[in-house]
Amino acid sequence: MANYVMVAAGQCGNQLCYELMNQIDQHLAPDMYQHSDAGPSASSSNAKNKKSPAHKMPTTSSALMTEPSEDQQLLYEAFFRQHKSVQAGTKSLARIVSLDTEPKVIDDCVVRRKQAAGALSSSSPNSKKQKAAALTSSAAEAFYPPWQYDTKSIAFRHGGAGNNWSLGYSLAQGDFLDTILNCIRRQLELADTTPHLVFCHSLAGGTGSGLGTRVTECAVEEFPECLTTNIVVAPYHFGEVVVQHYNALLCLSKIQACSQSVILLENQMAQVLCQQMRGIERPTLSDLNCVLANHITPLFLPKVTSRSPFATIRHHFSDDIIFLASHPAYRFLNIKLTPQTSKQSVDFTFDQWPALFKTIQRMQLSGAYSERNIVSHIKRLGLIPGTSLASIHEADDMSQHTIASYASPIGHVRSRSGPGPAAAAAANTASASMAHWNVSSPSQEALKQGGMIRSLASVISCHGESASSYVSDSFLSQMEQQQRQKGRLPVEVLLYSSSISSNTGGHGPGHGGGRPSLSRSGSRHTHMEEDYRHLAAAAAAGTPVSPPSVRQSTSSSLPTHDTAASAATALPLFDEYIAAHHALVAQSGIDTPIHCHHSRFLLHGYQRSVHVMANDQSMLPILRRATMKSEHMFRTGAYVHQYAMYGVDTADFVQAFYDIGSVIQNYEQL
Amino acid sequence: MREVVSLHVGQCGNQVGSAFWNLMLLEHEQTPDTDPALSSFFHFEPSKTSRSSHVMKARALLVDMECGPLNETMRSPLGALFDDAQYIMDVSGAGNNFAQGYYFYGPQYHERFMAGIHNNLEKCDSLQGFFLTHSLGGGTGSGVGSYILHLLADEFPKITRFSTCVYPSDDGDVITAPYNTMLATRELIQSADCVFPLNNSSLFSFNQLENPPKTDAANAQPLSAMERKSKSRGFEGVNNIAARMLCHLTSSSRFHGEMNVDINEIYTNLVPFPRMHFLMTALNVRHPATSQTQKHLRTDHSRPALQRAFADILGARGQLSGGNSIHSDRPTTMLSSAFLARGKVALSDLVHCVEGAQKNMNFPEWNQDACKIGMCRTASPGEEMGVMGMYNSSAFANILGRDLSNFQRLFRKKAMLHHYTEYVEEEVVREAEQEVVELVADYQAIENGRYPVTEVTTSVPADFPLYPPF
């Protein structure tokens, strides 16, 4: 299996990475304890400050642990390197590269980790003396010593990046960049198999966004054989940093161009979850990090897929990424997790699989990140005629349907079952709806506020006891059945892009209609790009673009917008995606945009939990907010001089706007 | 570690300086010598005489054109922090005349200033900024201070220059103060990166709130009229407040915290347009510890305490810059703001308070959430927690406008002008006036939604779509 090398940049990245490693450690390592006794040494659970209740799993669960220990060791060593030396004995060093422009945060993390590890190792002799009987426990501890930072993989400099993306970006050059790349290279060389690079950083600050971006770019260039994933944290809505939208825009525009996949998380989400679900009235930053890490951890746990005829095929994070982010235009992933009840009430909660599935489906449909938010989300959806959840069920009863019918504010359901003429009619309705989008701003606003979330693909994973039996028995077989019977996907499961659902059953109708318009939309793209190049060149040359000529060019581009919009059923580059998807489908033998995995891990101590990673539209609000707010600011020219100081000029901004705008457009046309 | 070199110029600047260093020593009382937190303001030198092998020295340069205040510092226990090379003084004083300080003493001491700055720089690994403290009313602080600022801008254009300047109060005792203020403000506009204007009368009233004059008969000490006067006009408390503001400003770059704020982040976040870099400041009022009613507010992580602190820095009580930056006689527009919390504060409490504060502020439509927040774990000595607010607001136009009209009243009559024409052309004074008038107009224009012309506004037409429509 692939090894994972985490690269944490900036304050947020390092703090999050610390929490993430802790949780991965708790999930992968202490399994060993379970075989020995139900209550492992109390001292160690005290010392690790936030032992998850996974530690206190009932003994019955140990029956499920049938994995051989070498396998477990392999899993563990995907994240932690066992370093054996004569003097210090075995140490497990996390495969983390910590980067920052000031030493304080990294110092903090390393010291905290050392203290935790020190408390553990100092307590182990005691426990040895006291409980000689619990030999297995201490043996396990010797086998999995508390993880530590690899001090040779830390690179920092002094001075900070001053919340300035361009400063952070320009800091990584010369010696400092060499040091960073050497750190990464070292970790890659220490890995047993081709590693997967995971970058962890924030979008708001200067170091995380700027340095993180630069390092991602350089690493992708330097180590092209590695898969890359960026886990980025968007700031609070109200603003932690005044220039956060600029930083986010610049960072995202560069990252989506070079990294394989981008996982977007939000501070706001973490706070809401803390307050509403966890019962933490006034969460601190470490609480937020804990929630974010809760969402990320399940990604890295190994899962088993049950769709294969050969009983178990392991699925790892890398496989999921390859599956989900297989097209360069669609690289944004997001994570949803249920249940999210507080730790105290875990013992009193009994969620059944169907209920959990229902919840996660609704969460994914509505784009809500908390179970409790769904209601309000649905209410907002209800404002748009024809796009309430009820209409989905109605639509489900109809013979055929497409996603556009939900998306269109008019809300009519159109049929796609018929050949030729019906497809043309479908194109017409689509164009009508698109025209409607362009004309009436309120409904467009409403859509932006809360349209139904459409997905390209998603990976559902169930964690807990009897997950395998549920997944294999009921859920997937149901799906399969429905698909066989009706030749389409069950809509209650997920709302997928029309093209996929029509294409998964072979070459569906309407596919042919997409081709000509594709070229047209392509031409529109080049046209736009020309405009921008013109503007960028003018801006670079310092000569003001004369307004009339630009107005001319924009007015000439406007009709093309319209023609493109009228043929909007086709997505730019979408055929490629379908092709790639089909290739993948053929390879994996799975012919749905949904992968379903299960694992026996009691995720964060929950008896049952469901986790979804999806390539869908729910990150659009974040992108829109960043783009529109920075546009407002950019139009007045505020703060631009600070970026110009470090080499980011007007043309770069214009390019970034265009890049992110295109991403949004692509996703919106799903 | 990111180092900061402090430059204290003139009597006021040096008094604020000594209060600042006193407080800084107090804050770092618990810090071990090896802690990098120390190195931003201090460095260690091999000792020549004393028993310990190393002595701690401040990264500072003390400048005055008369010898009184500096001699005082030298004699005080604080004097051990500074080498002889860190003092630059003359005996005669700049005679409350900007022109004399800038055009006479400036060139005369140029070499020594440079030597003093370089002497400090040699001991820095990665210099991050210069902190200049001075007053604008007198001659040395405004004249020599401006000269040094100009020097720094010429020699070290990449290093951020922060100026903490004390604007004279209206009932000031220096008659040439309006001239000095105008001429120095012009230099601040041109050469400083961030200016923290303080106002003497605001500082006095803030001090009154914190240390109310004892009126009850039981404690009344018989004070002579002279003593009472010196006590009420005493600058000690006032200087301490200015020093506290400076310490708070730098706390997050020195100590650990959940959300660190380096001092260069302040510039990035609060200065949207290069010339508009005047940041009004506000501190929470520290309540006397004895007051029983406040006891319940002094618990850890208490939201009421934080809310109370926010009420101070948003209201008139906590303002240090003269005039309320949020509610003045007409609605003010907030270009950007920052809230730095110190001590035991939960992030969600801070978020709650900041969101409340945002509702009271009038942000420009292009930046509705112009707030920077910071959190530092270590509180200032003697309090559980504290908050500082920084505002880049159009209210500064009122403050500067007041000084401008004071100046124009004198200048129209050409009163006192001959003191300045001794050293410089009248045209220079006129240019300075013009510069300040433009800045005031810029700040006022914000309220009407007009902003300075930038490269973007000239090169990107307003109707040009920046991205494909979505």
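Chains as they are written, first to last, in this note's numbering: chain A, 669 to 1338; chain B, 21 to 490.
Quick reminder that beta carbons are idealized off the backbone N, C-alpha and C, glycines included.
It should be emphasised that the depicted structure is a prediction, and the values quoted were computed from it without experimental measurement.
Extent of the continuous alpha helix (DSSP H) run through residue i
i	result
Asp693/A	678 to 696
Phe1321/A	1318 to 1336
Cys32/B	30 to 47
Met94/B	88 to 95
His438/B	437 to 441
Val457/B	446 to 467
Met265/B	255 to 274
His297/B	No alpha helix (DSSP H) contains His297/B, which DSSP labels as neither H nor E.
Phe216/B	Per DSSP, Phe216/B belongs to no alpha helix (DSSP H); it is in the beta strand (DSSP E), 214 to 219.
One or two residues paired with residue i in a DSSP bridge
i	result
Gly409/B	Ala302/B, Phe359/B
Ser1010/A	In the DSSP output, where bridge partners are listed per residue, Ser1010/A has none listed.
His74/B	Pro66/B
Leu932/A	Val900/A
Asp988/A	Per DSSP, none; premise fails for Asp988/A.
Gly1132/A	Arg1276/A
Lys759/A	His751/A
Phe1000/A	Val930/A
Arg1303/A	Paired residues: none, contrary to the question.
Ser479/B	Its beta-bridge partners do not exist; DSSP assigns none.
His864/A	Tyr672/A, Leu895/A
Cys851/A	Partner(s): none; Cys851/A has no beta bridge.
Tyr107/B	Leu82/B
Gln924/A	Beta-bridge pairing links Gln924/A to no other residue.
Secondary structure of residue i, DSSP reduced to three states
i	result
Glu65/B	strand
Asn344/B	coil
Ala1023/A	helix
Asp818/A	coil
Phe484/B	coil
Ala1282/A	strand
Ser1221/A	With a pLDDT of 32 at Ser1221/A, under the threshold of 50, the modelled position of this residue cannot be trusted, and the question is left open.
Leu767/A	strand
Ile964/A	helix
Gln841/A	coil
Leu81/B	strand
Glu207/B	helix
Lys782/A	helix
Leu243/B	Reliability of the predicted coordinates at Leu243/B is poor, the pLDDT of 48 falling under 50, and the value obtained from them is presented with this limitation in mind. Coil at Leu243/B, not helix or strand.
Arg1292/A	helix
Pro56/B	helix
Pro324/B	helix
Beta-carbon proximity list for residue i, same chain, < 7 angstroms, skipping 5 on both sides
i	result
Gln750/A	Thr758, Ser760
Met1281/A	Leu967, Asp988, Leu992, Leu1001, Ile1003, Ser1126, Val1127
Val1331/A	Gln924, Leu1291
Val444/B	Ala119, Tyr123
Met46/B	For the sequence presented, residue 46/B should be read as Leu rather than Met. So the qualifying residues of the chain are Pro401.
Close Cβ partners of residue i (< 6 angstroms) along its chain, the five nearest in sequence each way excluded
i	result
Tyr914/A	Ser1298
Asp1019/A	Pro1007, Arg1276
Gly115/B	Gly159
Asp1284/A	Ile1121, Ser1123
Asp332/B	Asn304, Val305, Gly338
Beta-carbon contacts of residue i that lie in its chain and below 8 angstroms, excluding the five residues immediately before and after
i	result
Asp860/A	Asn671, Glu745
Ile393/B	Met279, Ala358, Phe359, Leu360, Ala361, Leu370, Val371, Val374
Ser67/B	Ser73, His74, Val75
Val449/B	Tyr199, Met202, Leu203, Phe431, Leu437, Tyr440
Residue range of the unbroken beta strand (DSSP E) whose run includes residue i
i	result
Pro232/B	From DSSP, Pro232/B is part of no beta strand (DSSP E); its letter is neither H nor E.
His1263/A	1262 to 1267
Residue ranges of each beta strand (DSSP E) run of no fewer than 3 residues wholly in the stretch 121 to 205 of chain B, ordered along the chain?
-> DSSP runs (the beta strand (DSSP E)) wholly in the stretch 121 to 205 of chain B: 146 to 155, 180 to 187.
Ignoring anything shorter than 3 residues or poking outside the stretch 362 to 427 of chain B, list the beta strand (DSSP E) runs there in chain order.
-> Qualifying beta strand (DSSP E) stretches, in chain order: 391 to 396, 405 to 413.
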